[in-house]
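Numbering (the numbering used here), first residue to last: 383 to 647. We put the CB at the ideal spot given by N, CA and C, even for glycine. See below for the structure under consideration.
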């Protein structure tokens, strides 16, 4: 019976294989821990920080009462607003745009300060103000411009209208079809305009610190950009070589053959 003696090469291959399998197991374990941490953090979040109205926001303000005249009056004062592109866009809607001073203008009430308030606070203020003019008025206020744009390394980059005014970065990425294999997950860029000033923030979606980030919850008109990994550039170069190898390799072979003939002669 022939005795098997491991060579240094086989031993090295065995060590590499063990290391590879161990690393794969470690990745799965880390992913499990990350998932558990995310679930724990999400369960601990009881309330969403209330969005504050700011300049250039567009608000839907619906006032209904027994008076059809008043209903039409409030509806006619709203301006048509394009909701924007996207597979779930709502088309052209009518709303009140908050001016640069943070105000809107309503029938009966005139100038009303909106900036800095939540939609619930503004609704209550409008209801209280209209009580002197319309006894049975019901007021509803909501954002019309809660649109987020998600671009880069996701499956469905697009602009999305958010009807319920509640969206976090994890939900946004899921809505866009999740990351592509080449997404840089540890540095997601959020571009935000606050009071006409543009700001930039980054989120590491692979770390539970994202829950405490001011960019975890998205705001109206946020742009989320997922950068590509360097591996995508290399993969693109590989695709190029694979695509044109059937042209390059015959040419190289022919050139080698011609050079060989020239040297022989």
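- prompt: So, are the CB atoms of residue 526 and residue 435 less than 8 Å apart?
  reply: Here residue 526 refers to the residue found at position 144 when the chain shown is read from its first residue. Here residue 435 refers to the residue found at position 53 when the chain shown is read from its first residue. Cβ distance not < 8 Å, so residue 526 and residue 435 don't count as in contact.
message: Quick check: residue 508 and residue 443, are their CB atoms within less than 8 Å of each other?
response: Taking the first residue of the chain shown as position 1, residue 508 is located at position 126. Taking the first residue of the chain shown as position 1, residue 443 is located at position 61. Judged by beta-carbon spacing, residue 443 lies within the 8 Å limit of residue 508, meaning their Cβ atoms are closer than that value.
field: As assigned by DSSP and simplified to three states, the class of residue 606
entry: For the purposes of this step, residue 606 is identified with residue 224 of the chain shown, where counting begins at 1. Here residue 606 sits in strand by DSSP.
task: Find out if the Cβ-Cβ distance for the pair residue 582, residue 592 is shorter than 8 Å.
output: Taking the first residue of the chain shown as position 1, residue 582 is located at position 200. Taking the first residue of the chain shown as position 1, residue 592 is located at position 210. Using a Cβ distance threshold of 8 Å, residue 582 and residue 592 do not count as a contacting pair.
Any 3 or more C-beta pairs closer than 8 Å across the stretch 555-562 and the stretch 591-605: Short answer: they don't touch.
message: Which same chain residues end up closer than 6 Å to residue 565 when comparing Cβ atoms and leaving out the 5 residues on each side of it in sequence?
response: Here residue 565 refers to the residue found at position 183 of the chain shown. Setting aside the 5 residues that flank it on each side, residue 565 is surrounded in the same chain by 535, 608, each with a C-beta closer than 6 Å to its C-beta; the list follows chain order.
message: Out of 433, 576, 439, 531, which one is the CA nearest neighbour of residue 555?
response: For the purposes of this step, residue 555 is identified with residue 173 of the chain shown, where counting begins at 1. For the residues 433, 576, 439, 531, the minimum Cα distance to residue 555 belongs to 531.
task: Just tell me which of 499, 446, 511 has its CA closest to the CA of residue 492.
output: Here the question's residue 492 lines up with position 110 in the chain shown. It is 511 whose Cα lies nearest to the Cα of residue 492.
field: Status (buried if at least 16 other CB within 10 Å, exposed otherwise) for residue 501
entry: As a first step, residue 501 must be located in the chain shown, where it is residue number 119. Classification for residue 501: buried.
query: Taking C-beta to C-beta, are residue 551 and residue 606 nearer than 8 Å?
result: Within the chain shown, numbered from 1, the residue matching residue 551 stands at position 169. Within the chain shown, numbered from 1, the residue matching residue 606 stands at position 224. Cβ atoms of residue 551 and residue 606: closer than 8 Å.
- request: Counting only the same chain and skipping the five closest in sequence on each side, list residues whose C-beta sits under 6 Å from that of residue 488.
  value: Stepping through the chain shown from its first residue, residue 488 is reached at position 106. Excluding positions up to five away in sequence, the list reads 494.
- request: Please classify residue 593: does DSSP put it in a helix, a strand, or coil?
  value: In the chain shown, residue 593 corresponds to position 211, counting from 1. Residue state, collapsed to three classes: helix.
- prompt: The beta strand (DSSP E) with residue 442 in it runs from where to where?
  reply: The count along the chain shown starts at 1 and reaches residue 442 at position 60. Per DSSP, residue 442 belongs to the beta strand (DSSP E) from 440-446.
task: Identify, in the order they occur along the chain, each residue of the same chain with its Cβ nearer than 6 Å to the Cβ of residue 611, setting aside the five sequence neighbours on each side.
output: Reading the chain shown from its first residue, position 229 is the one you call residue 611. For residue 611, same chain residues with a beta-carbon under 6 Å away, outside a window of 5 residues either side, are 564, 566 in chain order.
- prompt: Distance, Cα to Cα, residue 595 vs residue 497?
  reply: The residue labelled residue 595 in the question sits at position 213 within the chain shown. The residue labelled residue 497 in the question sits at position 115 within the chain shown. Spanning the two alpha carbons is a distance of roughly 23 Å.
task: Could you work out which residue in 448, 538, 529 is closest to residue 441 when comparing CA atoms only?
output: What you label residue 441 is simply residue 59 of the chain shown in a count that begins at 1. Considering only 448, 538, 529, the residue with the shortest C-alpha distance to residue 441 is 529.
- prompt: Which residues in the same chain have their Cβ closer than 7 Å to the Cβ of residue 449, if we skip the five residues on either side of it in sequence?
  reply: In the chain shown, counting from the first residue as 1, residue 449 sits at position 67. Spatial neighbours of residue 449 in its own chain (CB-CB distance under 7 Å, excluding positions within 5 residues in sequence) are listed in chain order as 516.
message: Using C-beta distances below 6 Å, list every residue in its chain close to residue 518, excluding the 5 sequence neighbours before and after it, in chain order.
response: Counting from 1 along the chain shown, the entry for residue 518 is found at position 136. Here the set comprises 447, 448.
Rounded separation between residue 490 and residue 484 - CA only: Counting from 1 along the chain shown, the entry for residue 490 is found at position 108. Counting from 1 along the chain shown, the entry for residue 484 is found at position 102. Distance between the alpha carbons of residue 490 and residue 484: 19 Å.
query: residue 437 and residue 577 look like a contact to me (Cβ under 8 Å); what is the Cβ gap, rounded to whole Å?
result: By 1-based counting over the chain shown, the position of residue 437 is 55. By 1-based counting over the chain shown, the position of residue 577 is 195. Indeed they touch by this definition, with Cβ atoms about 6 Å apart.
- request: Report the residue from 579, 597, 524 whose alpha carbon sits nearest the alpha carbon of residue 549.
  value: Here the question's residue 549 lines up with position 167 in the chain shown. Checked all of 579, 597, 524; the closest Cα to residue 549 is 597.
- prompt: First and last residue of the beta strand (DSSP E) that includes residue 541?
  reply: Your numbering for residue 541 matches position 159 in the chain shown. Note, residue 541: beta strand (DSSP E), 540-543.
query: From 569, 589, 453, 477, pick the residue whose C-alpha is nearest to that of residue 524; which is it?
result: Translated into the one-based positions of the chain shown, residue 524 becomes position 142. The residue among 569, 589, 453, 477 with its C-alpha nearest the C-alpha of residue 524 is 477.
message: Checking the sheet assignment: what are the DSSP bridge partners for residue 565?
response: Here residue 565 corresponds to residue number 183 of the chain shown, with the count starting at 1. In the DSSP assignment, residue 565 forms a beta bridge with 610.
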